[in-house]
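For the record, in the sequence shown the residue sitting at position 178 is 453 according to my numbering, with numbers rising by one throughout.
Backbone N, C-alpha and C fix where the C-beta goes; we use that ideal spot for every residue, glycine too.
Read the structure below first, then the notes.
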Amino acid sequence: MNDSSWGAPAGPTYDAQGARQTRPVPIVPDAGRDADAHDDRDRGAAPTSGPLFHEGKPQEPMASPTPPPQKKRAGRDLRAAIGVGVGLGAVIVASLFIVKAVFVGVIAAAVVVGLWELTSRLQERKGIKAPLVPLAVGGAAMVASGYVSGAEGAWVAMALTALAVLVWRMTEPPEGYLKDVTAGVFAAFYVPFLATFVAMMLTADDGPQRVLTFLLLTVVSDTGAYAVGWRFGKHKLAPRISPGKTREGLVGAVTFAMAAGALCMQYLIDGGSWWQGLLLGLAVAASATLGDLGESMIKRDLGIKDMGTLLPGHGGIMDRLDSLLPTAPVVWLLFEAFVGSG
Numbered sequence: 276m277n278d279s280s281w282g283a284p285a286g287p288t289y290d291a292q293g294a295r296q297t298r299p300v301p302i303v304p305d306a307g308r309d310a311d312a313h314d315d316r317d318r319g320a321a322p323t324s325g326p327l328f329h330e331g332k333p334q335e336p337m338a339s340p341t342p343p344p345q346k347k348r349a350g351r352d353l354r355a356a357i358g359v360g361v362g363l364g365a366v367i368v369a370s371l372f373i374v375k376a377v378f379v380g381v382i383a384a385a386v387v388v389g390l391w392e393l394t395s396r397l398q399e400r401k402g403i404k405a406p407l408v409p410l411a412v413g414g415a416a417m418v419a420s421g422y423v424s425g426a427e428g429a430w431v432a433m434a435l436t437a438l439a440v441l442v443w444r445m446t447e448p449p450e451g452y453l454k455d456v457t458a459g460v461f462a463a464f465y466v467p468f469l470a471t472f473v474a475m476m477l478t479a480d481d482g483p484q485r486v487l488t489f490l491l492l493t494v495v496s497d498t499g500a501y502a503v504g505w506r507f508g509k510h511k512l513a514p515r516i517s518p519g520k521t522r523e524g525l526v527g528a529v530t531f532a533m534a535a536g537a538l539c540m541q542y543l544i545d546g547g548s549w550w551q552g553l554l555l556g557l558a559v560a561a562s563a564t565l566g567d568l569g570e571s572m573i574k575r576d577l578g579i580k581d582m583g584t585l586l587p588g589h590g591g592i593m594d595r596l597d598s599l600l601p602t603a604p605v606v607w608l609l610f611e612a613f614v615g616s617g
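As structure tokens, then:
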């Protein structure tokens, strides 16, 4: 083989020795760039050309429109709640100022319905069979005894009701006896015994005004907590128990209740003064809030939202009694301390 077999061109600048050591390199397209771009596409990398790029420089993507803020919504049907509330208020006020005994009957009826709701939910959700019959009979008797005989009569009726619960449950198999009678005694104390203090307020000469003050302050406290908490609430009061309650709502409850208490004690209660009303309103706001949290704790343990469906927009009777029941003995005691038994 000679040098010409390499196909080298002739000329003065040709170096035959160098030609033997160098092969001609074919001219091919720049595949590396295409391969890199292909790899980038495979890896999901953004291309360096297209609608987001201009002259090799990235452009800012178009921002998605921000959704408009949603308005806060109440958790219940406010029209139904207001209508039912007004209707209940009319019945209570009419019975309160016409014949006292009729209002005692209203309390007893509310107690019986509340006991039915509570025992029904206990059986449905926990399998606890608190005996309703002795609770209902003993609860109504407890309210009547408190009205007729005062605190002594209420305590005697409470003891007899607890005994009746123990005996009544003996007619069934012993399995679950302890939890059933424990729930029964708890229900007797929680609903009728605490409600008895409302009947005892009524025995004073200005009893209707005392009961009206008790109801007004509790409702005003709940309303103030709801209104202020709904509008300004940001800091949770007890998120594990009642996520809807806020510290701002508690401030609203205290403020509204103290203002209403000062007015009620000054103008409704015989011998009362405005400063006593401030203390009364503060105590009502505290007890009503604790009572509401207490029933929320019970409902969370049972895994339910409401105790019943009897009152549209409110739930059940127990859902309206939650703040009233623990507030009743507090208000009765403060009335006794401030203006006596009347």
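For residue i, which residues from the same chain have a beta carbon less than 7 Å from its beta carbon, with the 5 sequence-adjacent residues on both sides left out?
{"i": "A513", "result": "K520, L568"}
{"i": "G578", "result": "R400"}
{"i": "Q468", "result": "A small fix is needed here, since residue 468 is Phe in this sequence, not Gln. Here the set comprises M417, A429, M433."}
{"i": "V495", "result": "F531, A532, A535"}
{"i": "Y452", "result": "R444"}
{"i": "A558", "result": "V605, L609"}
{"i": "N277", "result": "Any reading at N277 needs caution, since the residue's pLDDT is 45, under 50, leaving its predicted position unreliable; the model's value is listed next. Same-chain partners within the cutoff: there are none."}
{"i": "P409", "result": "T436, A439, V440, W443"}
{"i": "T625", "result": "No answer is possible for residue 625: the residues shown for the chain start at 276 and end at 617."}
{"i": "L407", "result": "L390, W391, T394"}
Among residues of its own chain, excluding the 5 on either side of residue i, which ones have a beta-carbon nearer than 8 Å to its beta-carbon?
{"i": "S370", "result": "V377, F378, G380, V381"}
{"i": "M540", "result": "T488, G547, S548, W549, Q551, G552, L555, F613"}
{"i": "V368", "result": "L487"}
{"i": "A537", "result": "W549, W550, G552, L553, G556"}
Rounded C-beta distance between residue i and residue j? I'm assuming under 8 Å.
{"i": "A563", "j": "T493", "result": "5 Å"}
{"i": "F489", "j": "V473", "result": "7 Å"}
{"i": "R485", "j": "F613", "result": "Actually they are not in contact, since the Cβ atoms of R485 and F613 sit about 11 Å apart, beyond 8 Å."}
{"i": "L435", "j": "G459", "result": "No, L435 and G459 are not in contact; Cβ-Cβ is about 13 Å, not under 8 Å."}
{"i": "K375", "j": "G482", "result": "7 Å"}
{"i": "K509", "j": "P518", "result": "Actually they are not in contact, since the Cβ atoms of K509 and P518 sit about 13 Å apart, beyond 8 Å."}
{"i": "G556", "j": "L600", "result": "That pair is no contact at about 18 Å."}
{"i": "V387", "j": "A426", "result": "The pair is not a contact, with the Cβ atoms about 22 Å apart (cut-off 8 Å)."}
Please classify residue i: is it buried, with 16 or more other beta-carbons within 10 angstroms of its beta-carbon, or exposed?
{"i": "A535", "result": "buried"}
{"i": "I373", "result": "exposed"}
{"i": "S616", "result": "exposed"}
{"i": "Y422", "result": "buried"}
{"i": "R515", "result": "exposed"}
{"i": "D480", "result": "exposed"}
{"i": "Y542", "result": "exposed"}
{"i": "Q357", "result": "As written in the sequence, residue 357 is Ile, which differs from the Gln given in the question. Exposed."}
{"i": "S420", "result": "buried"}
{"i": "K574", "result": "buried"}
{"i": "G552", "result": "buried"}
{"i": "R506", "result": "exposed"}
{"i": "R354", "result": "exposed"}
{"i": "T394", "result": "buried"}
{"i": "G402", "result": "exposed"}
{"i": "P449", "result": "exposed"}
{"i": "V471", "result": "Contrary to the premise, residue 471 reads as Thr rather than Val in this sequence. It counts as buried."}
{"i": "K332", "result": "For K332, the predicted structure reports a pLDDT of 47, less than 50, and the residue's modelled location is therefore unreliable. The matter cannot be settled from this model."}
Against chain B, with Cβ distances strictly below 8 Å, would residue i count as a contact?
{"i": "V361", "result": "Among the chains in the structure shown there is no chain B, since it carries only a single protein chain."}
Taking 6 Å as the limit between beta carbons, can you name the residues of its chain near residue i, skipping five residues before and five after?
{"i": "K404", "result": "Q398, D455"}
{"i": "V503", "result": "E523, G524, G527"}
{"i": "A466", "result": "Position check: residue 466 holds Val in this sequence, whereas Ala was assumed. Hits under 6 Å: V386, G389, L390."}
{"i": "A411", "result": "V387, L390"}
{"i": "L596", "result": "G389"}
{"i": "D545", "result": "D481"}
{"i": "A383", "result": "A415, V418"}
Please name the residue in the options whose C-alpha comes closest to that of residue i.
{"i": "Y501", "options": "L525, E450, L438, T436", "result": "L525"}
{"i": "T498", "options": "V529, T471, G482", "result": "V529"}
{"i": "A560", "options": "L363, R485, M593, A603", "result": "A603"}
{"i": "S598", "options": "G583, E570, G591, K574", "result": "E570"}
{"i": "G591", "options": "L390, V366, V368, A365", "result": "L390"}
{"i": "D594", "options": "P518, E427, W549, M572", "result": "M572"}
{"i": "S424", "options": "E450, M475, V466, A383", "result": "M475"}
{"i": "F464", "options": "E450, V440, G362", "result": "V440"}
{"i": "G364", "options": "L491, A426, A470", "result": "L491"}
{"i": "A437", "options": "S395, P601, T457", "result": "T457"}
{"i": "T584", "options": "V361, E392, R354", "result": "E392"}
{"i": "V361", "options": "P601, V606, V605, L586", "result": "L586"}
{"i": "D576", "options": "L407, R396, I544", "result": "R396"}
{"i": "H607", "options": "T478, V431, L407", "result": "Checking the sequence shown, residue 607 turns out to be Trp, not His. Of the listed residues, the one whose Cα sits closest to W607 is T478."}
Check your understanding: Where in the segment 502-535 do unbroken runs of the beta strand (DSSP E), each at least 3 residues long, occur, reported from the N-terminal end onward?
Key -> 511-513, 517-521
Exercise for review: With a floor of 4 residues, list each alpha helix (DSSP H) that falls wholly inside the segment 443-497, ordered by position along the chain.
Suggested key: 452-463, 469-476
Exercise for review: May I have a chain-ordered list of the alpha helix (DSSP H) segments no shorter than 4 residues that lie completely inside the segment 350-389?
Suggested key: 353-373
Practice item. Report the residue ranges of all alpha helix (DSSP H) runs contained in full by the segment 527-586; include only those spanning at least 4 residues, in chain order. Key: 549-577
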